[in-house]
Structures are given as structure tokens and as C-alpha cells.
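Residue numbering for the sequence shown follows full-length UniProt numbering, starting at 1 and increasing by one per position.
We put the beta carbon where it would ideally sit given N, CA and C, even for glycine.
Only one structure is covered here, and it is reproduced in the block below.
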Amino acid sequence: MLKELEKKKDDIAKEFRELFLKRYPIRPPVEIVDFLDECAKGIVYAIAENNYKDLDSSLDYLMRYLATDSRLSAGGSIGTLFYLREIVLNKINLNKDELLELDRRLSVVICKAFDLYMNAREELYKAKYKQMEFELKAQMKQFEFCMKHCPFLERGFDKPPEGIQKISAKDSEKHGDVDNS
């Protein structure tokens, strides 16, 4: 089934790759284009050949890539795989049975993609949490250092004993304690 999809899988993979590349205002470096090409081919070939053994690596890389894109939501990232259906339907004519088979194959890919995307987002949040925790610890150390060594901060031993009001330099001028001559 879906023999026409197998014949046109290279064209479909190329158009699927271009879907990601058109987000860039200028053409990205060759490394990114090759990366997206490998991901697109891995996904399209898995769907066309109905063989999902090598799908996980391509799909995982693509979902990690999409998870790092701050402009895309989870729905937008997973939605890119729904565009693959549109690309396939524009490239080939399918009868009802072939359409159902394509939909079944895409559903398998989309479910795996969702799991991989959420795992990638979870890893990103963990990394951000660790970074924030590290920065907070560094700020606390800076604060502690400053409290010990900064001459401009009030320390406990600088405070007057209880019951005695501390007089500032401005207050002492008012009381005539300071000679301004």
C-alpha cells in the first residue's frame, strides 16, 4: 500500500525540510540544513516504508530542536507534523484505504513525537532550574561576602546598645556636635 508515497518520499522529505527552513529570515548554515534534512528524511522514510526502527533518533533530534525554539509552543511544534500530512496529500493522490493507512502511520509518529517533545522540554526546564539554583547560590555567596567585608553596610557591632538612639551625621550637625569651621 502507499507505493506512490515510497516513490515520492525524497520530494516530500525535501518539502518537509523547507517547512522548517522558511522560519529563518536568511538561509541558515549548511550544518543546520543538513541536520534538518536528515531529520525530515528519517521521518518521511519511516512513514513511507512503514518501518519505525530508525524513527526514534530522527524524531528525537527534531523534537529537541523544536523544544529549544522559544517562538513555538508545544502545539505549534507537534503541529508541524500535521503539515506533513498536507504535504503528502498535495504530492500524491490517495484513495480512501490509502488515506486511512497514511493517517494511521502519521498517528504513530505524532504520538511518539509528543512524548519525545515533552521529554526534551522537561530536560530544558531541569537545566534552567539548575542554572537558576547555581546563580542563586552565587548571589548568596556574594551577599555573605559583602556583609562580612563591605565597610558601608551596618554590622551588628556597629549598632548602639539597646535603649540608646543612634545619631546620624546630619543629626549631630543639628545638635552642634560637629565643628563646621
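8 Å contact criterion, which residue i and residue j should meet: CB distance rounded
| i | j | result |
| --- | --- | --- |
| L84 | Y117 | With a Cβ gap of about 15 Å, L84 and Y117 do not count as contacting. |
| V88 | L5 | 7 Å |
| A40 | L81 | Wrong, their Cβ atoms sit about 11 Å apart, outside the cutoff. |
N- and C-terminal bounds of the alpha helix (DSSP H) containing residue i
| i | result |
| --- | --- |
| D10 | 9-21 |
| R104 | 96-149 |
| T68 | No alpha helix (DSSP H) contains T68, which DSSP labels as neither H nor E. |
| Y45 | 30-49 |
Cβ-Cβ distance between residue i and residue j below 8 Å
| i | j | result |
| --- | --- | --- |
| P28 | L21 | yes |
| L2 | L106 | no |
| L124 | T68 | yes |
| R23 | L36 | no |
| E86 | S58 | no |
| I110 | I78 | yes |
Cβ pair count under 8 Å reaching 3, the region 118-138 against the region 57-73: yes
Cβ contact (3+ pairs, closer than 8 Å) linking the region 8-19 and the region 44-59: yes
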